[in-house]
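Chemist: Numbering (the working numbering), first residue to last: 318 to 429. Idealized CB from N, CA, C, for every residue including glycine.
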């Protein structure tokens with residue numbers, strides 16, 4: 318299972334800053350190592366690590382706005398509602414998604 322970032326702002330936050338907080342309607346069954354895309358059946362845009370922060374009412378998300386890709390809590394919630402019309406209830410599941418950087422090994426010759 319992948320995580321989809323349909324809105325450009327959180328996708329840009331993830332790719333440029335390396336971390337994004339995202340609101341989801343339901344709890345995810347898969348946490349940890351995964352990959353991200355921009356649409357259903359889309360190609361991989363990044364390897365990620367997903368952590369559950371918790372289930373929050375929208376008004377309690379203020380501390381996470383700075384790393385959501387949005388300038389305000391209202392902007393974040395409005396974008397969620399545009400992508401998921403009529404879905405956001407009184408609470409949402411908050412996740413921290415981090416880029417997983419590939420590990421690059423460099424060959425080192427010993428004894429020189």
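#1: Rounded to the nearest angstrom, how far is the Cβ of residue 396 from that of residue 324, given a contact under 8 angstroms?
#2: Please check the pair residue 354 and residue 367, which I expect to be a contact at CB under 8 angstroms, by giving their CB distance rounded to whole angstroms.
#3: Taking buried to mean at least 16 other C-beta atoms within 10 Å of its own C-beta, is residue 331 buried or exposed?
#4: Under 7 angstroms Cβ to Cβ from residue 350, same chain only, skipping five residues before and after it: list those, please.
#5: Can you tell me the Cα-Cα spacing of residue 360 and residue 328, whole angstroms?
#6: How would you write the range of the beta strand (DSSP E) that residue 363 sits in, first residue to last?
#7: Within the continuous alpha helix (DSSP H) that includes residue 382, where are the two ends?
#8: Whole angstroms is fine: what's the gap from residue 372's alpha carbon to residue 401's?
#9: With a Cβ-Cβ cutoff of 8 angstroms, do residue 409 and residue 356 count as a contact?
Modeler: From the atom records:
#1: Numbered from its first residue, the chain shown carries residue 396 at position 79. Numbered from its first residue, the chain shown carries residue 324 at position 7. About 5 angstroms separates the two Cβ atoms, so the contact holds.
#2: Here residue 354 refers to the residue found at position 37 when the chain shown is read from its first residue. Here residue 367 refers to the residue found at position 50 when the chain shown is read from its first residue. Wrong, their Cβ atoms sit about 13 angstroms apart, outside the cutoff.
#3: Position 14 of the chain shown, counted from the first residue, corresponds to residue 331. Classification for residue 331: buried.
#4: Counting from 1 along the chain shown, the entry for residue 350 is found at position 33. So the qualifying residues of the chain are 366, 417.
#5: Here residue 360 is taken as the residue at index 43 of the chain shown, counted from 1. Here residue 328 is taken as the residue at index 11 of the chain shown, counted from 1. Those two C-alpha atoms are separated by around 14 angstroms.
#6: Start at 1 with the first residue of the chain shown, and residue 363 comes out as number 46. From DSSP, the beta strand (DSSP E) with residue 363 extends over 363-374.
#7: Here residue 382 refers to the residue found at position 65 when the chain shown is read from its first residue. In the DSSP assignment, residue 382 falls outside any alpha helix (DSSP H), carrying neither H nor E.
#8: Sequence index remark: in the chain shown, residue 372 carries index 55 (1-based). Sequence index remark: in the chain shown, residue 401 carries index 84 (1-based). Residue 372 and residue 401 have their alpha carbons spaced roughly 18 angstroms apart.
#9: Taking the first residue of the chain shown as position 1, residue 409 is located at position 92. Taking the first residue of the chain shown as position 1, residue 356 is located at position 39. Result no, Cβ atoms of residue 409 and residue 356 do not sit closer than 8 angstroms.
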